[in-house]
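S.K.: Just add 604 to wherever you are in the sequence shown, counting from 1, and you've got my numbering.
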Amino acid sequence: HSSRPRGTPPKRREPPKSRGTSPTPGWYYSTVAQSTHPTLTVICGPMFSGKSTVLYRQVSRALRAKKTVQVFVPRLDRRSDGQVVTHDRVTLSSLKITPLVVDSSREMFDVLMKPDVAIIDEAQFFDHDLPLFIPLILDQGTTSVVAGLDQTSEGEPFGPMPHLMSLADRVEKLTAICH
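1. Quick check for students: name the residue ranges of the alpha helix (DSSP H) that lie wholly in the stretch 712-778, counting only runs of 4 or more.
2. In whole angstroms, what separates the C-alpha of K700 from that of V663?
3. Can you tell me whether T640 is helix, strand or coil according to DSSP?
4. Nearest to V775 by alpha carbon, out of H641, P642, T640 and V646?
5. If the criterion is Cβ atoms closer than 9 Å, does the pair F676 and I738 meet it?
6. Give the range of the alpha helix (DSSP H) segment to which L667 is assigned.
7. If you draw a straight line from the alpha carbon of P678 to that of K777, how long is it in whole angstroms?
8. Going by CA-CA distance only, name the one from D720, F652 and C648 that's closest to Q786.
9. Taking only the alpha-carbon atoms, compute the straight-line gap between R668 and M712 and give it to the nearest angstrom.
10. For V715, which residues of its own chain have a beta-carbon under 8 Å away from its beta-carbon, when the five flanking residues on both sides are left out?
11. Please name the residue, chosen from G759, T702, D773 and A780, that lies closest to R750 on a Cα-to-Cα basis.
12. On the criterion of 16 or more Cβ atoms from any shown chain inside 10 Å, does M651 qualify as buried, or is it exposed?
13. Please report the Cβ distance between L659 and L742, rounded to the nearest whole angstrom; I am assuming they are in contact, meaning their Cβ atoms lie under 8 Å.
14. Take A780 as the anchor and find which of L740, T657 and T702 has the nearest alpha-carbon.
15. Leaving out five residues before and five after P735 in sequence, what residues of the same chain have Cβ atoms less than 7 Å from its Cβ?
16. Under DSSP, the beta strand (DSSP E) around F676 begins and ends at which residues?
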């Protein structure tokens, strides 16, 4: 039984706020396009879970929102020739974005050009200093989206991912479909 008077419309529910200004997952549309304050989003999960597809979508939305974007990939990841590639073989070059291949978190920070959005792919291959640089990037006013494997094939935490997840305003944990 409702406590509102008959004939009155229900109050419109506003999205609940979590830490920072990121909406909670039920209200998530796009961290990159919606946020007015810099936030850290971590996208993690196993191989073949669609992390690169989510990154592609985030870059595309940011560009449509007229935001500047810089993308970083670690040199250790030799599978994709320095590109973010989805399993459908779509690359960021279709959006006229060329990722910067870097050797370390320090190098990434040094070449960061204070974009609106910094995208970091395959973060598990970065050094353990990456979580130290993320707050510095956020302090520059840059929203950060980091993607990577959160566990090794043995189920152990992978690289800096657990620390990044603990710093994140939002964590999106994806799953893969087993065949």
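Glycine residues also receive a C-beta, built at the ideal position from the N, C-alpha and C atoms.
M.R.: Here's the rundown:
1. 734-743 and 765-771
2. Position 96 of the sequence shown, counted from the start, is the residue given in the question as residue 700. Position 59 of the sequence shown, counted from the start, is the residue given in the question as residue 663. Cα to Cα, the separation comes out at about 11 Å.
3. Here the question's residue 640 lines up with position 36 in the sequence shown. DSSP places T640 in coil when its eight states are reduced to three.
4. Here residue 775 refers to the residue found at position 171 of the sequence shown. Cα-wise, what sits closest to V775 is V646.
5. What you label residue 676 is simply residue 72 of the sequence shown in a count that begins at 1. What you label residue 738 is simply residue 134 of the sequence shown in a count that begins at 1. No, the pair does not count as a contact, with Cβ atoms beyond the cut-off.
6. Here residue 667 refers to the residue found at position 63 of the sequence shown. Where L667 is concerned, the enclosing alpha helix (DSSP H) stretches over K655 to R668.
7. Position 74 of the sequence shown holds residue 678. Position 173 of the sequence shown holds residue 777. Their backbone Cα atoms lie some 21 Å apart in a straight line.
8. One cannot answer for residue 786 here, as it falls past the ends of the chain, which runs 605 to 783.
9. One-based indexing of the sequence shown puts residue 668 at position 64. One-based indexing of the sequence shown puts residue 712 at position 108. So the alpha carbons of these two residues sit roughly 25 Å apart.
10. Working through the sequence shown from its first residue, we reach residue 715 at position 111. Result list for V715: L704 and V706, in chain order.
11. The residue you call residue 750 lines up with position 146 of the sequence shown. Correcting the residue type first, residue 750 is Val in the shown sequence and not Arg. When each option's Cα is compared against that of V750, the closest is D773.
12. For the purposes of this step, residue 651 is taken as residue 47 along the sequence shown, with counting starting at 1. It is exposed - the Cβ of M651 has fewer than 16 other Cβ atoms within 10 Å.
13. Within the sequence shown, residue 659 is the residue found at index 55, counting from 1. Within the sequence shown, residue 742 is the residue found at index 138, counting from 1. That pair is no contact at about 18 Å.
14. On the sequence shown, residue 780 is found 176 positions in, with the first residue counted as 1. It is T657 whose Cα lies nearest to the Cα of A780.
15. As a working note, residue 735 is residue 131 in the sequence shown. Cβ within range, chain order: P764, H767, L768 and L771.
16. Counting from 1 along the sequence shown, the entry for residue 676 is found at position 72. Residues V673 to P678.
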